[in-house]
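The next block holds one structure in the form of structure tokens; read it before the comments.
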Amino acid sequence: MLQHLHLHERLVCSSCKGELVQSSDTYLQCRRCRATYTIESRYVSMLDRREQDDRPFDWNRKEGEIRDYSEISNSLALSGIGRFATFLNYGYVSSGNEQHAVVEPVDVWNRNSVKLLLEVVGRTAIRGRDVIDIGCGRGGNIAALHKYFKPQSTVGLDICPANIAYCSAKSRPTESFYLVGDAENIPFADESFDVVLNIESAHAYPNRKRFYEEAYRILRYGGVFLYTELMLEEEAAQNVRLLEEAGLSVIRNQDVTSNVLLSCDENAKQRTGAQGIANDANASRNIGDIHDFIALPGSKKYEEMKAGKRQYRMMNLVKRYPCFTNDNNLV
Ligand SMILES: C[S@@+](CC[C@H](N)C(=O)[O-])C[C@H]1O[C@@H](n2cnc3c(N)ncnc32)[C@H](O)[C@@H]1O
């Protein structure tokens, strides 16, 4: 199987970041800690299943995410709109506040989601850079990055195998590398990327501090972390503190809740993209959960955004070059 699969040259063990060797047609193994990873026909799964024993509570939450997004993937396939549903986010509609995008999406599918990406990218240089999208979902953001900015290389990592199978089937292998992995244990060597993208995914990570540290580790100096997330009002300051403690410097921190609410209003009318799941009677979640998940007007999440209890934050952070004091100590 591996002969059909091109492995990324910076790939390392998710857990200890040791060197990987191919132990058989279907397994990769870490030379150092002996963790094993499975090779599927079109992608590699870099989840270290030993977490089940080491941190069962965290693992259960992650399994819940895998289950939910597998279900969404099935629903989208059944609804017939799976081909077009390449985003799983709320999207963004302009509302007169400060805009950062340098390109406007016109005549595109999933316009609000493309606009969300272009807003978080802002003036960040993407052309010729190495980019990783953590929690890449169904690959819409990576496809749009190629369309608008021509990065040198892109990697999409997601914990849900159904999402990665969908992305791998849709993309050209020479353009992007997709793999199953965990944002808290990123299987790439230090300083592998110029840009880390993370859109509406980090709320699901049990240990966000660990994710921020990983984002910092895999960034090159001068690299940028592009980050959006819906968070509780009281989490906003705490997240900034954790990001700074991880070593990242905030260069933009914008509340774009009003723009996201406008997009949720439009989505409610259109029922396209991820909204297709709301029409699927087979989904095992109840309809209230689904409405909340996609933040339909009237749902708890939508009303909390409206009331200011939840904020949709768009952030740009940078990994600054280290500074040395006169006596050559690092600060
Ligand atoms: C709301 S979707 C957003 C997807 C995509 N970023 C987009 O904008 O369309 C959240 C994604 O995060 C992924 N995810 C959740 N927990 C994860 C983890 N620990 N590591 C990597 N991906 C994760 C889910 O599988 C899902 O695809």
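Residues 1 to 331 (full-length UniProt numbering) are what the sequence shown spells out, left to right. Virtual Cβ for every residue (Gly too), placed ideally from N, Cα, C.
- The C-alpha of residue 318 is placed about 12 angstroms away from the C-alpha of residue 253.
- Residue 307 has its alpha-carbon roughly 19 angstroms from the corresponding atom of residue 268.
- Residue 141 and residue 199 do touch by the CB rule: their CB atoms are close to 6 angstroms apart, below 8 angstroms.
- Residue 16 and residue 164 have their C-alpha atoms spaced approximately 23 angstroms apart.
- For residue 229, the Cβ stays outside the 6 angstroms cut-off from all heavy atoms of ligand 1.
- Under the DSSP assignment, residue 222 falls in the beta strand (DSSP E) whose first and last residues are 219–232.
- Linking residue 202 to residue 91 through their CA atoms gives a straight-line distance of about 16 angstroms.
- Under DSSP, residue 72 shares a beta bridge with no residue.
- CA-to-CA, the gap between residue 251 and residue 193 works out to about 19 angstroms.
- For residue 314, the pairing in a beta bridge is given by DSSP as 228, 254.
- Looking at 183, 234, 58, 155, the one whose alpha-carbon comes closest to that of residue 10 is 155.
- The straight-line gap separating the alpha-carbon atoms of residue 264 and residue 94 is approximately 12 angstroms.
- Assignment of beta-bridge partners to residue 18 by DSSP yields no partner.
- Residue 156 is bridged by DSSP to 133, 178.
- Collapsing the DSSP output to three states places residue 198 in a strand.
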